């Protein structure tokens, strides 16, 4: 056998030209390609340097983090001491001291239920959804309000702080969902009277600002009710929020219903299913799955909108922080206070919007346009 | 063979069932409305609340911080309604203009090839979209504008012509002199002629393919010609410049801190949503369209104007309009910082003084509802016009 074989041995591939890889290439192509982009980059760097450096200096380096005495903050940068000092107030507001475990229990249950629903591919979600829709409001009334199992009653005007924000938004969305589904079905109904009623209801609530709805709930609702029937202010605000939000929810659900191809309705009819079974067994399961991102987005909007209740005199988390800002005990902390409030809301909203985007990508199975 | 017609039992006949169901639903709604109505009448009677719109002619007796039309305390409640309405229109109009500008700039910047610019725009959108608007209004009003110096120490710009202080932003105001009406009339006439020219030019392009320099002609008609006349008449306009007298400024025009805070917050908040709409609209036009247009020999600005923009706008305009509506509704947050908009003046002070909640709330809601329904009607008309003609 000869020792040499004529197999082709490729030469190792050449490295890419030195000008088209690495950090210098990236900087040149993404930051400094052409005079306009170079100017823009330099302008942006100048803008960042002139705002970020003083901001970080004020908010972190020169700031006060440790201690409880407002007088420590007379000099230097930002004063974050109030956060630790008032944290209980921000979270629970005026809820009585010995009873905080009740709030923790209800919020914990809500977090558990929502967390279970948020994690994909867990079994038994079809039972968790109705259990949460019925259970969370019941649990809220039983435990947070009390009056049963020997728990002392905590009147709703003592519900405040982050607790109130969460209760308003979670109960708001949970109650608005079934109402919204009914309204959406009504709007797509063949029966003209039902359709007209639903369209009028939806368009009226969507056409007015939430503030006017809250004003209406707080001023006009007592006039609507029969004599002797009185709702507390929190409950009135909640009714207003649910009405308002159900109209938006109806439009979200309607979007899902419209995305279901006609063949699904026809196939259900061919199987002999009536209207309610067609909807409950064939159409709604598909439609609701499609609109989960829309529901999450509605929830984000609602979560931000609950701050408006401070205008009708309720004490949500923004109101507790605002109260601390105008408290003479803590002078000159307006920027810190609002920045802290903004961070609280931002963490919630940004987290939820990222979750909704991830869901959208997961559910985007390629039959939609774009 | 004739099969006997199966007779449907009446309770199985879909038409009858639908009728019965509708009668039940309508009956229920009517009963609900009637009982609410009678409750309300009864409650108002027992509380001694008057009914009817007679209160609109009564003297209001309270001052309003800022008004576009002449208003005094001796004017009627009816006039407070219009003062509030005009203030709402003012802040919404200003907000819509600036939010559109900010939104388009940020939306296009997010698609920039420049990494830093794209990230900056993304950070702007993600921060301000996820913070409640009311919080932003508070921030600008209480943390920024209230922290500004008093009028004596105010920031000065442009050689002491613009002043920024706790009391607001003072700017030079134009004062009309005789003859200015002609110039404005001429500009309006120029606008009308330009629209006619634009229509004619589009018809001609569709018929013959020839382009007509519409924009240059319109610029000449709307700006150029009135400017020449303005100068020929000897500049019939002067400026009133603010000057410090005592503790505050005299002369000039003022933007109140309440207005500035609300305007800022609405602009920055709504701008983030518009940015996302613009970005998705531009991304929705496939790159093949650009290439096809280039292959047809269109120039670069023609590609943008005739191919990309019409298709992107079809995606952009419907959600953009609903953002405008949101901005208008959100301007009602004015009431939280005391800017006298419709909700603050009418649903706030007027309601408190007269106690006629039903009438006041109904009037206020009717205003917003009218605006919303009008705009969504126009939007649907537009949508039908630009919708893809599919077969």
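Chains as they are written, first to last, in our numbering: chain P, 2 to 371; chain L, 15 to 405. Glycine is no exception: its CB is placed at the ideal position from the N, C-alpha and C atoms. The structure presented is a predicted model; accordingly, all values stated were derived computationally and were not measured.
State the DSSP-derived secondary structure class of residue i, mapped to helix, strand or coil.
i: residue 116/P; result: helix
i: residue 15/P; result: coil
i: residue 249/L; result: coil
i: residue 258/L; result: strand
i: residue 125/L; result: coil
i: residue 219/P; result: helix
i: residue 300/P; result: helix
i: residue 317/P; result: strand
i: residue 6/P; result: coil
i: residue 191/P; result: coil
i: residue 246/P; result: helix
i: residue 59/L; result: helix
i: residue 351/L; result: coil
i: residue 261/P; result: coil
Using a Cβ-Cβ cut-off of 8 Å, state whether residue i counts as contacting chain L.
i: residue 161/P; result: no
i: residue 339/P; result: yes
i: residue 65/P; result: no
i: residue 234/P; result: no
i: residue 212/P; result: yes
i: residue 80/P; result: no
i: residue 122/P; result: no
Please list, in chain order, all residues of the same chain as residue i whose beta carbon is under 7 Å from its beta carbon, the five residues on each side excluded.
i: residue 334/P; result: 80, 83, 326
i: residue 32/L; result: none
i: residue 83/L; result: 96, 97, 100
i: residue 188/P; result: 196, 199, 200, 203, 251, 255
i: residue 356/P; result: 119, 297
i: residue 222/L; result: none
Report the rounded CA-to-CA distance for residue i versus residue j, giving the unit in angstroms.
i: residue 268/L; j: residue 281/L; result: 19 Å
i: residue 4/L; j: residue 99/L; result: With chain L represented from 15 up to 405, any question about residue 4/L goes unanswered, as that position is not in the structure.
i: residue 378/L; j: residue 65/P; result: 47 Å
i: residue 370/P; j: residue 300/L; result: Its pLDDT being 42, under 50, residue 370/P is placed unreliably in this model, and the value from its coordinates should be taken loosely. Their Cα atoms are separated by approximately 12 Å.
i: residue 291/P; j: residue 392/L; result: 29 Å
i: residue 372/L; j: residue 136/P; result: 35 Å
i: residue 110/L; j: residue 119/L; result: 14 Å
i: residue 137/L; j: residue 337/L; result: 20 Å
i: residue 315/L; j: residue 198/L; result: 32 Å
i: residue 142/P; j: residue 208/P; result: 31 Å
i: residue 66/L; j: residue 345/L; result: 28 Å
i: residue 329/L; j: residue 168/P; result: 37 Å
i: residue 123/L; j: residue 293/L; result: 9 Å
i: residue 232/L; j: residue 207/L; result: 8 Å
i: residue 361/L; j: residue 261/P; result: 43 Å
Hey, does residue i have any beta-carbon neighbour from chain P nearer than 8 Å?
i: residue 135/L; result: no
i: residue 393/L; result: no
i: residue 146/L; result: yes
i: residue 180/L; result: no
i: residue 86/L; result: no
i: residue 140/L; result: yes
i: residue 377/L; result: no
i: residue 106/L; result: no
i: residue 299/L; result: no
i: residue 39/L; result: yes
i: residue 127/L; result: yes
i: residue 387/L; result: yes
i: residue 90/L; result: no
i: residue 405/L; result: Only weak support is given to the placement of residue 405/L: the predicted model assigns it a pLDDT of 48, under 50, and the question is left unresolved by the model.
Tell me the DSSP bridge mates of residue i?
i: residue 416/L; result: Shown here, chain L extends from 15 to 405; a query on residue 416/L therefore has no answer.
i: residue 170/L; result: 177/L
i: residue 80/P; result: 65/P
i: residue 183/L; result: 178/L, 269/L
i: residue 162/P; result: 317/P
i: residue 90/L; result: 73/L
i: residue 263/L; result: 258/L
Among the residues of its own chain, which have a CB less than 6 Å from the CB of residue i, if the five just before and after it don't count?
i: residue 219/P; result: 237, 313
i: residue 189/L; result: 252, 254
i: residue 60/P; result: 79
i: residue 298/L; result: 329
Using a Cβ-Cβ cutoff of less than 8 Å, which residues in the same chain neighbour residue i once the five nearest sequence positions on both sides are dropped?
i: residue 85/L; result: 78, 93, 94, 97
i: residue 30/L; result: 24
i: residue 165/L; result: 177, 179, 180, 181, 258, 261, 262, 263
Give the residues of chain B in contact with residue i, contact being defined as C-beta atoms less than 7 Å apart.
i: residue 349/L; result: As a matter of chain content, chain B is missing from the structure shown, whose protein chains are P and L.
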